[in-house]
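Working notes for the structure below.
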Amino acid sequence: MNVFLAGIIQGSLAEATIHDQDWRTPIKRVLATHRPDAEIYCHYSVHPNSITYDLPEIKDTLADGFQRSADCDLLIAYVPSASMGTAIEIYEAHRNNAVVLTISPMAPNWVLRAYSDEIFADIPAFESFAAAGGLDDLPARRK
61 MNVFLAGIIQ
71 GSLAEATIHD
81 QDWRTPIKRV
91 LATHRPDAEI
101 YCHYSVHPNS
111 ITYDLPEIKD
121 TLADGFQRSA
131 DCDLLIAYVP
141 SASMGTAIEI
151 YEAHRNNAVV
161 LTISPMAPNW
171 VLRAYSDEIF
181 ADIPAFESFA
191 AAGGLDDLPA
201 RRK
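Residue numbers (my numbering): 61 to 203.
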């Protein structure tokens with residue numbers, strides 16, 4: 061199973077900085093525990109200094125991430141607040157029939173509601189879902 065780990069990096073920050081990325085570790089741990097067969101792609105892990113990129117490299121990095129999200133079997137999105145890049149990744153994954161699991165307190169958000177197969181309020185809720193076998197039969201989760 062090919063998993064794309066999507067989530068907030070810059071979000072709505074006005075300055076050239078990023079949000080804390082410590083959310084990635086517990087999600088990877090949940091996958092390692094409950095889907096050890098998963099091949100996880102984390103765009104931030106590949107591009108940890110992307111905030112320093114010039115425009116051509118920014119465009120290439122975005123295009124690569126959007127293509128990888130379109131090609132995955134499962135996209136797990138962490139969206140504690142608005143994230144334009146993550147919204148596009150969610151849409152691309154959904155449009156190409158991947159299962160989209162979103163971790164966000166913004167359950168009423170239209171993009172999340174329209175394109176997520178499941179929305180969890182926080183990482184512990186996602187972990188409970190995985191522990192109950194929720195990652196076992198993901199195609200059945202498609203709306």
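The C-beta atom is built at its ideal place from N, Cα and C for all residues, glycine as well.
Point to revise | For residue 174, the three-state DSSP class (helix, strand or coil) | key: Of the three classes helix, strand and coil, the one that applies to residue 174 here is helix, per DSSP.
**Study point:** Residue nearest to residue 102 in terms of C-alpha spacing, selected from 115, 183 and 82
**Key:** When only C-alpha atoms are compared, the closest one is 82.
Review point. Buried or exposed: residue 173, going by 16 or more other Cβ atoms within 10 Å of its Cβ?
Key: Residue burial is scored here from C-beta neighbours: residue 173 has fewer than 16 other C-beta atoms within 10 angstroms and is therefore classed as exposed.
**Study point:** Short Cβ contact (9 Å threshold) for residue 181 with residue 156
**Key:** Cβ distance not < 9 Å, so residue 181 and residue 156 don't count as in contact.
Review point. Since residue 135 is in the beta strand (DSSP E), which residue starts that stretch and which ends it?
Key: Here the beta strand (DSSP E) through residue 135 covers 134 to 138.
Review point. Given residue 140, which residues of its chain have a CB within under 7 Å of its CB, disregarding the five upstream and five downstream residues?
Key: Cβ neighbours of residue 140 within its own chain (closer than 7 Å, five residues either side excluded): 68, 164 and 165.
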